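What follows is a set of notes on a single structure, which appears directly below.
2 protein chains.
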Amino acid sequence: MQQHKKVLEVIQSDPSLIELTVKGWVRSFRSNRFIALNDGSTIHNLQCVVDFENFDEALLKRVTVGAAIAVTGHLVESQGQGQNVEIQVSKLEILGDADTEEVKLTILSPKRHSLEKLREQAHLRVRTNTFGAIMRVRSKLSFAVHEYFHKNGFYNVHTPIITGSDAEGAGEMFRVTTMDLKNVPKNDDGSINFKEDFFGKETNLTVSGQLEAETYAMGLGQVYTFGPTFRAENSNTSRHLAEFWMIEPEVAFNDLAANMDLAEDFIKYVINYLVENCQDDLAFLEQRQQQEDKSKPEAERSPMPLMEKLQFILENNFKRVSYTEAIDILKDSKPNKKKKFKYLIEEWGADLQSEHERFLVEKHFKCPVILFDYPAKIKAFYMRLNDDKKTVRAMDILFPGIGEIVGGSQREERYDVLKQKIDELGIDEKELWWYLETRKFGTAVHSGFGLGFERLVLFVTGMTNIRDVIPFPRTPLNAEF
Amino acid sequence: MQQHKKVLEVIQSDPSLIELTVKGWVRSFRSNRFIALNDGSTIHNLQCVVDFENFDEALLKRVTVGAAIAVTGHLVESQGQGQNVEIQVSKLEILGDADTEEVKLTILSPKRHSLEKLREQAHLRVRTNTFGAIMRVRSKLSFAVHEYFHKNGFYNVHTPIITGSDAEGAGEMFRVTTMDLKNVPKNDDGSINFKEDFFGKETNLTVSGQLEAETYAMGLGQVYTFGPTFRAENSNTSRHLAEFWMIEPEVAFNDLAANMDLAEDFIKYVINYLVENCQDDLAFLEQRQQQEDKSKPEAERSPMPLMEKLQFILENNFKRVSYTEAIDILKDSKPNKKKKFKYLIEEWGADLQSEHERFLVEKHFKCPVILFDYPAKIKAFYMRLNDDKKTVRAMDILFPGIGEIVGGSQREERYDVLKQKIDELGIDEKELWWYLETRKFGTAVHSGFGLGFERLVLFVTGMTNIRDVIPFPRTPLNAEF
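First to last, the protein sequences are chains A and B. Every position in the first sequence, counted from 1, becomes a number in the working numbering once 357 is added. Every position in the second sequence, counted from 1, becomes a number in the working numbering once 357 is added.
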C-alpha cells in the first residue's frame, strides 16, 4: 500500500541500485551534507547523503530540524559509523517546513530539555528519542498483554467506564453528569435530583472493572479487562495519575495459588516479549537512565541497570511469603531496629509502605516477592476470608525499585459471608444486587488481580515519573491537550 | 497451571482411559443421566454421563440448571448425536448450587427469553448461548484489530478519556467534575468557577481521540487508538450508545486513496480472522438470526444470511464513488422518484441517510461502497479542503444492512487553511493551540478514520440492537451494573 519505505525497513536492507523513497522528519543536517531522518518506526535515524552541488541552495536551507521531507535515492554501504547503509539522495522534497526561529521556542530544538519542559509540550515530545522509545515500548507491551491472554484462552471484556455503582471501593471518584451546573436540579429537601441527570441516577467514572469482570468470568470462564480507570485523588506525586490504564484478569475456578501462578507467568511473558522485540529502544532507555543516575544522589538511583532488572524478573522464581512472615522479617530488620524506615513496623496489622516492600525484594529476599494472606482490615470487602477469620486470601506482587506492581485476591464466593461483609461496611446492598447474585447461581471459587499498566511501563522503561509513560497525563490541575 | 480441562479442549480430544476433571455450569440434566456442561470456552456443551446408581440421590438433586459442578471421569466415544466424545462420570462435585425456584425468576431458566429481558440481567446474560457467542466473537474481533495494526507496524496510543478540549466537534459531551453539585463554586459574575474543579478547568469525556492521535502520527508515523468514547445525546435508538469503543488509525504521509486502501484492507483482515477463528459461534449466530427473521416483516429481515454477508465483504472490492456521483444516482433512483425514501434527495449538499447508503450498497452497486469528496458544509473542520473549495477529502464506507461503518478523511495539513476554518467556525483557538502547532513544525499529508467497534460487532454477529453487543450498555436513563 505504501509508496514510500519505513526507516525501520530501509536500515535493515542491503545496498541496491533500485531507487527508493523515504519520508520523515529531519533530526539534524550536518555539514550541508548529512541529513539524519527519522519517521518514528525506530529509534534509529536514516543517514541521507546530499551532494549540495546538485541541489538548489534555497531548497537545502529549508532542510531544518523538525521539517518533514521526502528523499529519493539508492542505498549504499555507509562509510560512517553507527549505520550499515545510507541513502544517496537524488531527489529531495520539502513536505512541511519548520521555521528555525519558532523551533527554537519548542522542545524540538536540538538541545537537552528537562522532562518537565517536555511534559508542557506533550503534543511534540513523542518526536524526541526518549519519548519515541517509551511510546514504542508502551505499545509493544500493550500488544504483548493482549497476545498473552489470547494465547491462553482468555476473553477480553470491555467493562463500563461510566458506572452507576459507587461501591467499587478503590478510591475517590469523578462525577459524570449532563446537568446544568449553574442550576443543578434539586429535590424539595434540597438534595440533588439525579433523576434529571442523563442516566437518571448518580454516575461516576469507574475505579475498577473487577466486579463486572467477575460476572463475566462466571460465564466465559477466563476473562480480562484492559481499559482506563480513574481516581479523583488530589495526589500530586510521581506515582499517581487521575486517569490510567489497568489490566484485570479474572478466572473462574482459580484459587489464590493458581492466581499467583497466572500473575507470575503473565508478567514474565510480557517482559520477555519486550526483551525479544524492543532491544533498540530498551538499550537507548538503559543508557538514558544511566546518564540520569549520574546526577542523582545514590539513594535515588536505580537499584540495577535496566536490562539486568528485566532479567532479574525473568530469571527468578517469585518468592511466596505470608504477610505474617513478612511482618516478622520487617520487625527484626536492621532499618526497623535502627529506625531508618520512615514508618516503623511495630505490630501485625500494619499496612506496608513502599520502603518495606522494597526492603523485602531488594535486601532480604533478593528476588520478586508475592505477599499473601493479608489482614482483612486493610483489604477490600470482596476478598475471601480465611478460616482464621482475620486474614483474607489477598496477594501483592512486589518488584525492585517500585514496590507493589500487582494486587489481587481470591474472591469471597460464599453468598452469606459476602453479604455479611457488605452489611458490616454499610455498603448499600441495592448497589450490588447483581454482584451478590453471581454468588447465588452456581457460585465458584474464582480469583483475579489488577495491574496498573503505567506502573509496568515505568518499570520496563526505567523512567521515574509516571507522567512520562502515558501520552497525555491527567493530574490535579492538569488536563491540557 | 490449570488442574482442570476446558470444555473446548476436551471435546476435541480422543477417547482415553486417563481420567480428567472438567468444571463448569449445568445447562441441562436429562433423564437423571446426561448433564450438559458449559464453561464458556465454547458454544458447545460437554455431555457428561452419570450412572445414577453410583451416586447419592441427594447429590444428583443438586445438579440443576445454573449450578457449578466439577466432574471427573474418562472420555469415551459418544453414542448420542451432536458430539464425538462424552465423559463417563466417576466423580461428581457440586461447587455452587442454583436454587431451582430462584433460577426460575432469572434468565438462566431454560426457556426462550426476549433480548429486552436479557438486557435487564446483563450480569447473567453472558451465560446464555447467544451472549456467550456474541462476547466471544467480540473478544476475538478485538484481538484481530490489535493484531492487524501490530503486524503492519502501527503503534497503539492511549489518548486521554478526560479532555480539557471541547473542540472535538463530534457531539454532545459529558461533564467530568469533582465539584460539590449542591454548592457549585461560582465567580462574582455568576459563572461557574472551574478553577475550583479537579483539573482547574472545564473537563469532559472525549468524543474522539483523533486530534491527539494526529500529534502522535506526526512523531511515530503510523498509530491507532482503540478506546472508549462518549456521546451525551438523548438518542434512545437501537443504533446509539452513550459509551462505546472506537478504533481510530492515523497515518502520516497517507493521502485519501491510501486511507481507503488501509480501511478496506483492515476490515477484510478482521472479518477474515473471524471467519477462520469463530466458525462455531458464527454458525450459531447465523441460525439464531434466521430463526428471528422468520418473525419479522420482510423489510426488516437481514439482506443476506450471516456468513454470506461476511463473504460479500471479503470477496468484493469496495466500490469508490464520489459524493457527487452518488447524489446523481440517488436523485435518479426509483425510490427517490417514487418517493419511497423517507428523506428525498433533491439537491447536491444533502446529508445522506442510512436508507440512501443502503440503497447504494444493496440495490445499486451490490458491493461495499466508499463515498468520498463530501460537501465541506456537512463535514468536520479538520478535513482537507479540495481545490474546488466546496468539497473535502472525506470518505465514508457503506455496508449492507447498516449503512455507514467507517468515517474518515485526509486531514487539513495547511496551517493557514486550518486556522481560517477554525476562526470561521468560532472555535476558540486557545483550545487547539497544540493541534495547530503540528501544522507548524514539519506538517505533512496525513489521514485516518474512525470505526465504531460496536457497529462492527453488530455487523459480524447479525444482531440488530447495539445494546446487545456490549457487555453493560450505557444509554439515556440506564447505567445499571
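Yeah, the Cβ is synthetic: ideal placement off N, Cα and C, and Gly gets one too. Bear in mind that the values here come from a model prediction, so they are computed numbers and not experimental data.
CA-to-CA distance, residue j to residue i, given in whole angstroms
i	j	result
Gly566/B	Leu475/A	21 angstroms
Val367/B	Phe386/B	19 angstroms
Glu682/B	Leu728/B	9 angstroms
Asn513/B	Phe838/A	18 angstroms
Gln359/B	Asn611/A	For Gln359/B, the predicted structure reports a pLDDT of 45, less than 50, and the residue's modelled location is therefore unreliable. A value from the coordinates is still provided. Cα-Cα distance, rounded: 8 angstroms.
Ala589/A	His515/A	22 angstroms
Phe555/A	Lys697/B	35 angstroms
Phe829/A	Ala479/A	6 angstroms
Ile464/A	Arg493/A	19 angstroms
Ile754/A	Leu377/B	32 angstroms
Lys543/A	Ile549/A	4 angstroms
Val460/A	Glu794/B	10 angstroms
Val608/A	Gly805/A	6 angstroms
Glu811/B	Thr572/B	26 angstroms
Gly706/A	Lys746/A	14 angstroms
Val564/B	Met530/B	7 angstroms
Ser373/A	His401/A	20 angstroms
Glu786/B	Val802/B	22 angstroms
Pro833/B	Lys552/A	11 angstroms
Asp744/A	His431/B	34 angstroms
Glu559/B	Glu477/A	19 angstroms
Glu769/B	Lys418/A	25 angstroms
Phe669/A	Ile628/A	11 angstroms
When the options are compared against residue i, the one with the closest alpha-carbon
i	options	result
Tyr739/B	Cys724/B, Ser711/B, Asp780/B	Asp780/B
Lys363/A	Arg384/A, Val502/A, Leu403/A	Leu403/A
Gly809/A	Ala733/A, Met603/A, Val678/A, Asp745/A	Met603/A
Glu450/A	Glu414/A, His470/A, Lys688/A, Phe531/A	Glu414/A
Ile444/B	Gln777/B, Leu452/B, Val433/B, Gly453/B	Val433/B
Asp730/A	Gly760/A, Cys635/A, Gly764/A, Leu701/A	Gly764/A
Ile735/B	Arg484/B, Gly758/B, Gln710/B	Gln710/B
Arg596/B	Asn822/B, Gly439/B, Glu770/B, Arg419/B	Asn822/B
Phe641/A	Gly489/A, Ala570/A, Ile375/A	Gly489/A
Ile624/B	Leu498/B, Ser398/B, Asp408/B, Trp791/B	Leu498/B
Whole-Å CB distance - residue i paired with residue j, under 8 angstroms assumed
i	j	result
Leu631/A	Met664/A	The Cβ separation is near 10 angstroms, so there is no contact.
Pro606/A	Phe506/A	7 angstroms
Ala836/A	Thr520/B	7 angstroms
Phe601/A	Thr586/A	6 angstroms
Gln355/A	Leu613/A	Since the displayed chain A opens at 358 and closes at 838, residue 355/A lies outside it and no answer follows.
Asn673/B	Pro725/B	6 angstroms
Ala425/A	Gly799/B	4 angstroms
Ala733/B	Val718/B	Going by Cβ atoms, the distance from Ala733/B to Val718/B rounds to 24 angstroms, so no, they are not a contact pair.
Asp848/B	Glu788/B	This structure cannot settle anything about residue 848/B, because the visible part of chain B is limited to 358 through 838.
Val533/B	Leu667/B	Not quite, the Cβ-Cβ distance comes to about 39 angstroms (not below 8 angstroms), so this is no contact.
Unbroken beta strand (DSSP E) run spanning residue i, endpoints
i	result
Gln767/A	760-767
Ala393/B	391-395
Thr301/A	Missing from the structure shown is residue 301/A; chain A here goes from 358 to 838 and no further.
Ala427/A	425-434
Ile604/A	600-609
Arg387/B	373-387
Leu417/B	Taken as a continuous stretch (DSSP letters only), Leu417/B belongs to no beta strand (DSSP E), being part of the alpha helix (DSSP H) at 414-418.
Thr534/A	532-534
Glu450/B	442-453
Leu403/A	403-406
Bounding residues of the alpha helix (DSSP H) (the contiguous stretch that carries residue i)
i	result
Asn561/B	That residue, Asn561/B, is in no alpha helix (DSSP H); its beta strand (DSSP E) goes 560-562.
Glu477/B	472-477
Lys776/A	772-781
Thr487/A	486-508
Thr463/B	Where Thr463/B is concerned, there is no enclosing alpha helix (DSSP H), given that its DSSP letter is neither H nor E.
Leu365/A	364-367
Legend entry - Contained beta strand (DSSP E) runs [length at least 3] in the segment 702-750 of chain B, N- to C-terminal order: 726-732
Legend entry - Length at least 4, wholly inside the segment 622-709 of chain A: the alpha helix (DSSP H) runs in chain order: Taking only runs of at least 4 residues, the alpha helix (DSSP H) segments lying wholly in the segment 622-709 of chain A are 636-650, 663-672, 680-688, 691-694.
Inset, instruction - Go through the segment 793-834 of chain B residue by residue and report every complete run of the alpha helix (DSSP H) that reaches 4 residues or more, in order. - result: Entirely contained in the segment 793-834 of chain B, the alpha helix (DSSP H) runs reaching 4 residues are, in chain order, 810-818.
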